[in-house]
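Participant: Per the working numbering, residue 3 is the first one in the sequence shown, and the count goes up by one each step.
Structure below; questions to follow.
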Amino acid sequence: METVIHFENVTKTFGKVVANSQITMDVRKGEILALLGENGSGKTTLCNMLAGIYYPDKGKIYINGQHAHIMSPQDSFKYHIGMVHQHYKLVDVFTAAENIVLGLNPKEFKFDIKAAKKKIKEICDKYGFVLDFNKKIYEMSVSEKQTLEIVKVLFRGAEILILDEPTAVLTPQETEMLFSVIRNMRADGKSVVIITHKLKEVLEISDRVVILRKGEYIGAIDTKDATEEILTEMMVGEKVELNID
């Protein structure tokens with residue numbers, strides 16, 4: 003499969019804390035990649051460098067084979083990367099449609115809410131989202147807000163989507179709906195990176211798993227070859243008994 007993102011010896015530190023240490027790994031086109039690790043393993047920090055929130059202290063990031071300089075979220079959008087964070091970035095008193103067009107460069111998209119709603123509906127119909135784009139943010143459930151954030155990055159042209167702990171606040175039914183949408187995006191050739199530590203969900207939704215531990219790359223495994231026991235051992239560095247009486 004074609005590589006869309008390549009991290010080459012990427013290191014990020016905060017003072018004396020090494021969040022990521024010489025990480026080399028790939029994200030492939032049209033795959034669902036689970037980025038797995040315990041809390042503090044460096045998963046979100048690594049992806050925040052794709053989102054333009056942080057910049058590597060050392061190493062390089064390549065997007066579609068080209069050395070990428072991602073210095074801001076605007077740069078990230080230029081590389082067709084969209085990240086949905088755990089804490090949503092929405093304006094409560096605006097509608098869903100208004101939040102989607104908010105912040106767009108007027109030169110790139112003329113502020114036409116009618117045209118925006120048409121494009122939003124096309125995205126929702128294509129991938130199976132359920133979204134009332136006339137609804138105010140303060141009236142929305144957490145699941146609806148998450149849906150809006152995903153539609154927002156797709157509206158901006160994202161081909162690579164990063165979802166940070168997307169099921170943390172969802173019910174089982176909402177999680178199944180989200181997974182259905184993610185599979186539809188994969189079928190459309192998009193790459194989806196899911197940051198998580200939930201083993202059962204990793205085995206259900208992903209094609210491949212990359213494991214980080216204490217800021218270091220431990221390895222990658224095809225999901226079809228993985229078990230909870232294998233993934234747990236890679237995460238913590240030793241065998242763990244999962245069957246508790």
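No residue lacks a Cβ here, since even glycine has one placed at the ideal position from N, Cα and C.
As the structure is a computational prediction, the values presented were derived from the model and not from experiment.
(1) Grouping DSSP H, G and I as helix and E and B as strand, with all else coil, what is L52?
(2) At the level of alpha carbons, what is the spacing between P58 and V95?
(3) Going by the DSSP bridge assignment, what does E218 pair with across the sheet?
(4) Am I right that I187 and V194 are in contact with their C-beta atoms under 8 Å? What's the rounded C-beta distance?
(5) Considering Cα atoms alone, identify which of K137, L163 and L133 is closest to T149.
(6) Which residue from L37, K60, I34 and K80 puts its Cα closest to that of F157?
(7) Start and end of the beta strand (DSSP E) containing V194?
(8) Between the segment 219 to 235 and the segment 54 to 71, are three or more C-beta pairs nearer than 8 Å?
(9) Do you know offhand how far A99's Cα is from D209's?
(10) Should I162 and I83 be called a contact, given that it needs their Cβ atoms to be closer than 7 Å?
(11) Relative to the C-alpha of T97, which residue among I164, M73 and E146 is closest?
(12) With DSSP run on the structure shown, which of helix, strand or coil describes D247?
(13) In terms of residues, what are the limits of the beta strand (DSSP E) holding D166?
(14) Which residues share a DSSP beta bridge with K60?
(15) Suppose the cutoff is 6 Å on Cβ atoms and the five residues either side in sequence are ignored; what does the same chain contact list for L48 look like?
(16) Identify whether N186 lies in helix, strand or coil by the three-state DSSP scheme.
Facilitator: By the coordinates alone:
(1) helix
(2) 36 Å
(3) Answer is R215, bridged to E218.
(4) Checking the sequence shown, residue 187 turns out to be Met, not Ile. Taking C-beta atoms under 8 Å as the contact rule, M187 and V194 qualify, at a distance of about 6 Å.
(5) L133
(6) It is K80.
(7) Note, V194: beta strand (DSSP E), S193 to T198.
(8) no
(9) 32 Å
(10) yes
(11) Selected option, being the one with the closest Cα: E146.
(12) With a pLDDT of only 47 at D247, under the threshold of 50, the placement of this residue in the model should not be trusted, and no figure is reported.
(13) I162 to D166
(14) T13
(15) Only N22 meet the Cβ criterion.
(16) helix
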